[in-house]
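Chains as they are written, first to last, in this note's numbering: chain A, 323 to 537; chain B, 323 to 537.
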């Protein structure tokens, strides 16, 4: 049932963050750089666990400068989420769309998510998944925004699967919507399994099993 | 690729909790009942978000009684995790083992996890998954215990898949270890998708897709 998995070049977060987060560089500091620093704190400690002191230290700015540039902790978090989508999530779609076929694209996208999870530069897991599960600690607007990010992921996958059905690359009997949900579920689940110390190699086998649903 | 999903009787948390958590009833209060109350608070608010005041209120006991009976917040949480494993996780294995065949068993187990997630009596999601993702907020012993719970789930699944291979119920070519990891990944991922407002019906289709890997 499992084909041996191919080794990809791998996504390195450090590279992804250089190209994502399209922020101004016109102020006294590099907005992109300080937002990335804030992102890593929220990613590691969660929204609730992150204090303004943590943000001051990570961003290298005092409270007044942070407030003037970004607003309160909630506002910084919302900017960080935009930055995350524009860098990390966008890198995964680049993997998907750069592949020679849809099956290889889905494999690369899921393996890319593993690359980021196991990247020594990241706190592990996915910021959206981690934040979504901090239920009760986010206002309704942030909660809806995170839910929408996962729904967008599913819809973007569904669009590509439907297109591949039309072009004859995938079977006409494939349920594009359900398969997209399954792929997104796998991506989210692997983030949890990584936190439970499952190895990257064992999760790559799960990627191959899920990709085999496209056969 | 998708067969229409069958409707199960469904697991109701209220029933599960009546049979799980094997605690003494010899004291001035019902240990099982107060631990279940504490469980629901941790489940809803997370470890970090739960205060001693929340526990006092939910358990209907004052701080001194709680401390004398269970110890500090950490100790209560550890007892709650044991209770969760003995009730919720154990109910899922009852679903698995009570089915007429392995394929139906895995389907019932995954659907049972959805039943609990979407049960109106629960805060949603899985306590182990939610707690595991609160990284940095647990001591090493608790962290290892939660990781072990997911590893035990995987191993228990693997044992049943291997047995079904031996009896000829499953193909000899099936990789029992990887398939067990994929099933556990799906279970964890569905908890996240539920938090992202995906419907139970759409996730049941994902269950069917993953079960089809056993064909």
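Heads up, the beta-carbon is just placed ideally off N, CA and C, and yes, glycines get one too.
It should be emphasised that the depicted structure is a prediction, and the values quoted were computed from it without experimental measurement.
Residues of chain B with CB closer than 9 Å to the CB of residue 503(A), please, in chain order. 515, 520, 524, 525, 527, 528 and 531
Cβ of residue 456(A) less than 8 Å from any chain B Cβ? Residue 456(A) belongs to the set of residues whose beta carbon lies under 8 Å from a beta carbon in chain B.
Between which two residues does the alpha helix (DSSP H) harbouring residue 359(A) extend? 353 to 371
Contact set for residue 493(A): own chain, Cβ-Cβ below 8 Å, skip 5 residues either direction: 487
Taking DSSP as the reference, what is the three-state secondary structure of residue 462(B)? Residue state, collapsed to three classes: helix.
With a threshold of 7 Å on Cβ separation, who are the neighbours of residue 535(A) within its own chain once the five nearest residues in sequence on each side are excluded? Answer for residue 535(A): 501 and 504, listed in chain order.
By Cβ distance below 7 Å, which residues in the same chain neighbour residue 363(B) in space, the five residues on each side in sequence not counted? The answer, listed in chain order, is 372, 376, 377 and 380.
Residue 480(B) versus chain A: which residues are under 9 Å apart at the beta carbon? Per Cβ cutoff of 9 Å: no residues; residue 480(B) is ~11 Å from chain A at best.
Give the straight-line distance between the Cα atoms of residue 438(B) and residue 447(B), rounded to the nearest whole angstrom. 8 Å
Can you name the residues of chain A whose CB is closer than 7 Å to the CB of residue 370(B)? 370 and 371
Could you pull out every residue in the same chain whose Cβ sits closer than 7 Å to the Cβ of residue 330(B), ignoring the five residues on either side in sequence? Low confidence applies here, because residue 330(B) scores a pLDDT of 32, under 50, leaving its location unreliable; read the following figure in that light. Hits under 7 Å: 430 and 433.
Can you name the residues of chain A whose CB is closer than 7 Å to the CB of residue 381(B)? Those within 7 Å of residue 381(B) in chain A number zero; the least Cβ separation is about 19 Å.
Where the segment 399 to 410 of chain A meets chain B: residues whose CB sits under 7 Å from a CB there: none
Which two residues bound the contiguous alpha helix (DSSP H) that contains residue 419(A)? 412 to 420
Taking 8 Å as the cut-off, decide whether the C-beta atoms of residue 374(A) and residue 385(A) are in contact. yes
Three-state secondary structure (DSSP) at residue 409(A)? helix
May I have a chain-ordered list of the alpha helix (DSSP H) segments no shorter than 4 residues that lie completely inside the segment 485 to 521 of chain A? Runs of the alpha helix (DSSP H) inside the segment 485 to 521 of chain A: 498 to 517.
Alpha-carbon to alpha-carbon, residue 489(B) and residue 453(A): 44 Å
Helix, strand or coil, according to DSSP, for residue 541(B) in the structure here? Outside the shown range of chain B, which is 323 to 537, sits residue 541(B), and nothing can be said about it.
Should residue 351(B) be labelled buried (16 or more other beta-carbon atoms within 10 Å of its own) or exposed? exposed
Local conformation of residue 383(A) per DSSP, three classes: coil
Of all Cβ atoms in chain B, is any one closer than 8 Å to the Cβ of residue 483(A)? no
In chain B, what lies closer than 7 Å to residue 463(A) by C-beta? Within chain B, no C-beta atom comes nearer than 7 Å to that of residue 463(A); the closest sits roughly 15 Å away.
Touch test, the segment 476 to 485 of chain B against the segment 406 to 422 of chain A, Cβ-Cβ under 8 Å, three pairs minimum: no
Does residue 355(B) get closer than 8 Å to chain A when you measure Cβ to Cβ? no
I'd like to know if residue 473(A) contacts chain B, where contact means its C-beta is closer than 8 Å to some C-beta of that chain. Taking CB atoms only, residue 473(A) has a neighbour in chain B less than 8 Å away.
State yes or no: is the beta carbon of residue 375(A) nearer than 8 Å to at least one beta carbon in chain B? No, because no Cβ of chain B sits closer than 8 Å to the Cβ of residue 375(A).
Determine the extent of the alpha helix (DSSP H) in which residue 437(B) is found, giving its start and end residues. 424 to 440
Chain B within 8 Å of residue 428(A), Cβ atoms only: Residue contact with chain B for residue 428(A): absent (no Cβ-Cβ distance below 8 Å to any residue of chain B).
Between residue 361(B) and residue 436(B), is the Cβ-Cβ spacing less than 8 Å? no
What is the DSSP secondary structure of residue 376(B), reduced to helix, strand or coil? DSSP places residue 376(B) in helix when its eight states are reduced to three.
Classify residue 394(B) as helix, strand or coil using the three-state DSSP reduction. Taken through DSSP and simplified to helix, strand or coil, residue 394(B) comes out as coil.
Rounded separation between residue 519(A) and residue 498(A) - CA only: 31 Å
I'd like to know if residue 327(A) contacts chain B, where contact means its C-beta is closer than 8 Å to some C-beta of that chain. Only weak support exists for where residue 327(A) lies, its pLDDT of 25 falling under 50; the coordinates are left without a value.
Put residue 444(A) into one of helix, strand or coil per three-state DSSP. coil
Considering only residues of the same chain and omitting the five flanking positions on each side of residue 510(B), which have a CB-CB separation below 6 Å? So the qualifying residues of the chain are 451.
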